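Each number in our numbering corresponds to the 1-based position in the sequence shown with 384 added. As structure tokens, the structure follows; a few thoughts come after it.
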Amino acid sequence: MFVQRQGLVVWLYSLKQAKMLRRFGNVHYVSKKLKYVVLYCNQDELDGIIEKLNSFSFVKKVEPSYKPFLKMEYENSAPDKAKEYDYKMGI
């Protein structure tokens with residue numbers, strides 16, 4: 385039902401071509417100071433898009449986001465007894 389998406393950080397020499405990157409995916413953010421674009425695209429098309437972007441002369445480098453591969457469920461650690469006491473006291 386939902387398509388898996390992944391972010392790309394595209395470092396540019398000039399921001400003139402940042403608007404052209406919209407045809408590769410959704411442009412989420414453009415940094416004018418650091419000259420990079422955050423782009424979201426389908427995860428199954430990622431390798432082809434990275435190759436196309438690296439072939440352009442105005443692109444310094446392309447970095448994929450590793451967020452889809454990180455574990456987002458954390459183990460429940462034991463609560464701190466001092467904080468638990470403070471919450472009961474109403475501090």
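Positions of the beta carbon are idealized from the N, C-alpha and C atoms, including for glycine. Given the structure is predicted, the values throughout are model-derived calculations rather than measurements.
Query                                                                                                             : Result
Spatial neighbours of I434 in its chain, beta-carbon cut-off 8 Å, leaving aside the 5 residues before and after   : L392, V446, P448
Rounded straight-line distance, which links the Cα of Y458 to that of N410                                        : 30 Å
C-alpha distance - M404 paired with Q390, whole-angstrom precision                                                : 19 Å
Nonlocal neighbours in the same chain, by C-beta distance under 8 Å from Q427, ignoring five residues either side : V387, Q388, R389, Q390, P452
Nearest-angstrom beta carbon gap, L430 and V394 [assumed within contact, 8 Å]                                     : In fact, because the Cβ distance is near 13 Å, the residues do not count as touching under 8 Å.
C-alpha distance - F440 paired with K416, whole-angstrom precision                                                : 19 Å
Own chain residues within Cβ distance below 6 Å of V414, not counting five before or after                        : A402, V421
Distance, K419 Cα to L399 Cα                                                                                      : 6 Å
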